[in-house]
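S.K.:
2 protein chains.
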Amino acid sequence: MSWLDGDTTAGPGDPSSGRRPPTRARLIRAFMTLVQQRGYAAVGTAEILAAAAAPRGSLYHHFPDGKSGLAVAAVEELTDDITGALQQAAVSKRSLGALLKQMASARAAWLKQTGWSEGPLLGVLTNETVPHEPDIAAALALASEAVTGAFTNLFIARGFPPDVARRHAQLARATLDGAMTLSRAARSSESLVEAGAFLARHLATPDSIGDTP
Amino acid sequence: MSWLDGDTTAGPGDPSSGRRPPTRARLIRAFMTLVQQRGYAAVGTAEILAAAAAPRGSLYHHFPDGKSGLAVAAVEELTDDITGALQQAAVSKRSLGALLKQMASARAAWLKQTGWSEGPLLGVLTNETVPHEPDIAAALALASEAVTGAFTNLFIARGFPPDVARRHAQLARATLDGAMTLSRAARSSESLVEAGAFLARHLATPDSIGDTP
DNA sequence: CTATTATTGGACCAATCAGTCCAGAGGGAA
DNA sequence: TTCCCTCTGGACTGATTGGTCCAATAATAG
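Residue numbers (this note's numbering), protein chains in the order written: chain A, 1 to 213; chain B, 1 to 213.
#1: Could you tell me which uninterrupted beta strand (DSSP E) segments, each at least 3 residues in length, are contained entirely in the segment 151-178 of chain B, listed from first to last along the chain?
#2: Determine whether the Cβ of residue 100 of chain B lies closer than 8 angstroms to any Cβ atom of chain A.
#3: Going by DSSP, what residue range makes up the alpha helix (DSSP H) through residue 69 of chain A?
#4: Terminal residues of the continuous alpha helix (DSSP H) containing residue 129 of chain A?
#5: Hey, would you say residue 30 of chain B sits closer than 8 angstroms to residue 46 of chain B, going by beta carbons?
#6: Throw me the rounded Cβ distance for the residue 39 of chain A and residue 127 of chain B pair, which I believe falls under 8 angstroms.
#7: Rounded to a whole number of angstroms, what is the C-alpha to C-alpha distance between residue 82 of chain A and residue 185 of chain A?
#8: Against chain B, does residue 171 of chain A count as a neighbour if the rule is that its beta carbon must be under 8 angstroms from one of theirs?
#9: To the nearest angstrom, how far is the alpha carbon of residue 122 of chain B from that of residue 36 of chain B?
#10: Any C-beta of chain A sitting closer than 8 angstroms to the C-beta of residue 187 of chain B?
#11: Using a Cβ cut-off of 8 angstroms (strictly closer), state whether residue 31 of chain A contacts chain B.
#12: Apply the 10 Å Cβ neighbour rule to residue 67 of chain A and answer buried if 16 or more other Cβ atoms are within range, or exposed otherwise.
#13: So what does DSSP say about residue 118 of chain B, is it helix, strand or coil?
#14: Considering just the uninterrupted stretch of the alpha helix (DSSP H) at residue 190 of chain A, what are its terminal residues?
#15: At a CB-CB cut-off below 9 angstroms, which residues of chain A make contact with residue 75 of chain B?
#16: Would a C-beta distance cut-off of 8 angstroms place residue 136 of chain A and residue 71 of chain A closer than the cut-off?
#17: Under 6 angstroms Cβ to Cβ from residue 166 of chain B, same chain only, skipping five residues before and after it: list those, please.
#18: Quick check on this structure: which residue in B:188, B:196, B:205 has the alpha carbon closest to the alpha carbon of residue 113 of chain B?
#19: Could you spell out where the alpha helix (DSSP H) holding residue 40 of chain A opens and where it closes?
#20: Closer than 7 angstroms between beta carbons: that is the criterion. Which residues of the segment 86-97 of chain B meet it against chain A?
#21: Kindly indicate if chain B contains any beta-carbon less than 8 angstroms away from that of residue 37 of chain A.
#22: Please go through the same chain and pick out, in chain order, the residues whose beta-carbon is closer than 8 angstroms to the beta-carbon of residue 140 of chain B, but skip the five residues on each side of it.
#23: Which residues mark the beginning and the end of the alpha helix (DSSP H) in which residue 105 of chain B is found?
#24: Give me the Cβ distance between residue 172 of chain A and residue 100 of chain A, rounded to the nearest whole Å; I'm assuming they're in contact under 8 angstroms.
#25: Check the C-beta distance from residue 179 of chain B over to residue 174 of chain A and give it rounded, since I have them as a contact under 8 angstroms.
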């Protein structure tokens, strides 16, 4: 449940004792970290290569499409991380309110710990690439649907009817991601904490819906 | 109430009949539009200059700090637009629910109209510049506080106690901004429409709070 | 008018960008 | 060994980056 704990950089790639992850995985991790800090366009390939301790040839060997191909792979891997964590959450015994609060506080802790230097990867990629990078935009659309679907399944597993579950999923995602950016701008957890409390209060119980007119 | 209607590019600068706005204003508007489309780092000064039909010398005359100075000015101007619109909304006679719904649907209409090619300016700037552009980050922190304050005043004007008003302000901002990015990724208004409906339902009446333990 | 300041127009620069290319290291399989 | 293929290492390139500099041109003041 690494993503629920707010850690995007752990992941697999470290199967045995102290072996270094393969180059491809190191490139993806370096890309994620740097883009979370400063966005897609501001991060150069040279910097990614340095952070991953990989030569230039390896980047274009593993990702023939270059930087944008690396972005697509990173989006896909992050999607797997997130949906995996949400699946685990769905089958866990924790209450919905506790889960939503934990999602918010985990992100708040991560932001604070990194000195507000890292932000939401899918969000920044969306706002930087949707109009003019069709490959990345397509990957983001798929990722968005997958994550919303995983959130929806979580709400369904907690007893909501599918249509309500999906709307609550959209809400939870929007509020958490938005609060993350606001917290970053203000360098304060206030927004994220309030978001978690609010979601736990209003989305946690099926009978609090009140929108069947 | 241009910002409530989702139009960020209108603004002043056109006082008399058909006079062209002065260079400084044109630079800011060009910057806003381009950054909303593709982010801060991906937009070059040459492109901004071309869009504003201004020579290079003018940029560094009006903004001695260059691109980052232009960003700070754009953030300040957008902040004024937003807080002005919210002040008007606060003194208007419209219901809170109607206002929140309108904010969401105005953004949805704007996104759709531009082919999902423009996004939230403050959000993308936050996630691109906070760790390594101190001037812009400072402007964003001020802007964030000002906008949250304006939202808070709106809730206070509708009868909420100050502390609840501020928390609802954080919530409304986070949810609307987050939903905007999600809508952009999915190229669908679904998320924004749901966000507006949800906020109108849960933040509109003072007695729906239920959080005084 | 002249003097002064504000603004424009654009040539120019060093640094950096993403991407290309290829020689060769490494490691199984035969 | 030899063959084959994956992967690495890094030199190189043309385009573009943000920024500097200054002469030419309004615009305003006296």
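Even glycine gets a Cβ: it sits at the ideal position worked out from N, Cα and C.
M.R.: On the basis of the data shown:
#1: none
#2: Translated into positions along the second sequence, residue 100 of chain B becomes position 100. Taking Cβ atoms only, chain A never reaches closer than 8 angstroms to residue 100 of chain B, which makes this a no.
#3: Start at 1 with the first residue of the first sequence, and residue 69 of chain A comes out as number 69. Where residue 69 of chain A is concerned, the enclosing alpha helix (DSSP H) stretches over 67-91.
#4: Looking up residue 129 of chain A in the first sequence gives position 129. That run of the alpha helix (DSSP H) goes 121-129.
#5: As a first step, residue 30 of chain B is located in the second sequence; it is residue number 30 there, counting from the start. As a first step, residue 46 of chain B is located in the second sequence; it is residue number 46 there, counting from the start. Taking 8 angstroms as the Cβ cut-off, residue 30 of chain B and residue 46 of chain B do not qualify as a contacting pair.
#6: Working through the first sequence from its first residue, we reach residue 39 of chain A at position 39. Working through the second sequence from its first residue, we reach residue 127 of chain B at position 127. Yes, they are in contact, since the Cβ atoms of residue 39 of chain A and residue 127 of chain B sit about 6 angstroms apart, within 8 angstroms.
#7: The residue labelled residue 82 of chain A in the question sits at position 82 within the first sequence. The residue labelled residue 185 of chain A in the question sits at position 185 within the first sequence. Rounded to whole angstroms, residue 82 of chain A to residue 185 of chain A spans 24 angstroms at the Cα level.
#8: Here the question's residue 171 of chain A lines up with position 171 in the first sequence. Yes, residue 171 of chain A counts as interfacial toward chain B.
#9: The count along the second sequence starts at 1 and reaches residue 122 of chain B at position 122. The count along the second sequence starts at 1 and reaches residue 36 of chain B at position 36. So the alpha carbons of these two residues sit roughly 9 angstroms apart.
#10: Within the second sequence, numbered from 1, the residue matching residue 187 of chain B stands at position 187. Yes - at least one Cβ of chain A is within 8 angstroms of the one on residue 187 of chain B.
#11: Residue mapping note: residue 31 of chain A aligns to position 31 of the first sequence, counting from 1. It does not: the Cβ of residue 31 of chain A has no partner Cβ on chain B nearer than 8 angstroms.
#12: Locating residue 67 of chain A in the first sequence gives position 67, where the first residue counts as 1. So residue 67 of chain A counts as buried.
#13: Working through the second sequence from its first residue, we reach residue 118 of chain B at position 118. Residue 118 of chain B: coil per DSSP, three-state reduction.
#14: The count along the first sequence starts at 1 and reaches residue 190 of chain A at position 190. It spans 190-203 - the alpha helix (DSSP H) in which residue 190 of chain A sits, taken as one unbroken run.
#15: Working through the second sequence from its first residue, we reach residue 75 of chain B at position 75. Those within 9 angstroms of residue 75 of chain B in chain A number zero; the least Cβ separation is about 10 angstroms.
#16: Translated into positions along the first sequence, residue 136 of chain A becomes position 136. Translated into positions along the first sequence, residue 71 of chain A becomes position 71. For residue 136 of chain A and residue 71 of chain A, yes; Cβs fall inside 8 angstroms.
#17: Residue 166 of chain B sits at position 166 when you count from the first residue of the second sequence. Result list for residue 166 of chain B: 152, in chain order.
#18: Within the second sequence, residue 113 of chain B is the residue found at index 113, counting from 1. The candidate whose alpha carbon is nearest that of residue 113 of chain B is B:188.
#19: The count along the first sequence starts at 1 and reaches residue 40 of chain A at position 40. Careful: residue 40 of chain A lies outside any alpha helix (DSSP H) and carries neither H nor E.
#20: none
#21: Position 37 of the first sequence, counting from 1, holds the residue named residue 37 of chain A. Yes, its Cβ sits closer than 8 angstroms to a Cβ of chain B.
#22: Mapped onto the second sequence, residue 140 of chain B falls at position 140. Excluding positions up to five away in sequence, the list reads 75, 122, 125, 126, 129, 130.
#23: Mapped onto the second sequence, residue 105 of chain B falls at position 105. It spans 96-113 - the alpha helix (DSSP H) in which residue 105 of chain B sits, taken as one unbroken run.
#24: Within the first sequence, residue 172 of chain A is the residue found at index 172, counting from 1. Within the first sequence, residue 100 of chain A is the residue found at index 100, counting from 1. Their Cβ separation, rounded to whole angstroms, is 6 angstroms, which keeps residue 172 of chain A and residue 100 of chain A in contact under 8 angstroms.
#25: As a working note, residue 179 of chain B is residue 179 in the second sequence. As a working note, residue 174 of chain A is residue 174 in the first sequence. The Cβ separation is near 4 angstroms, so the contact holds.
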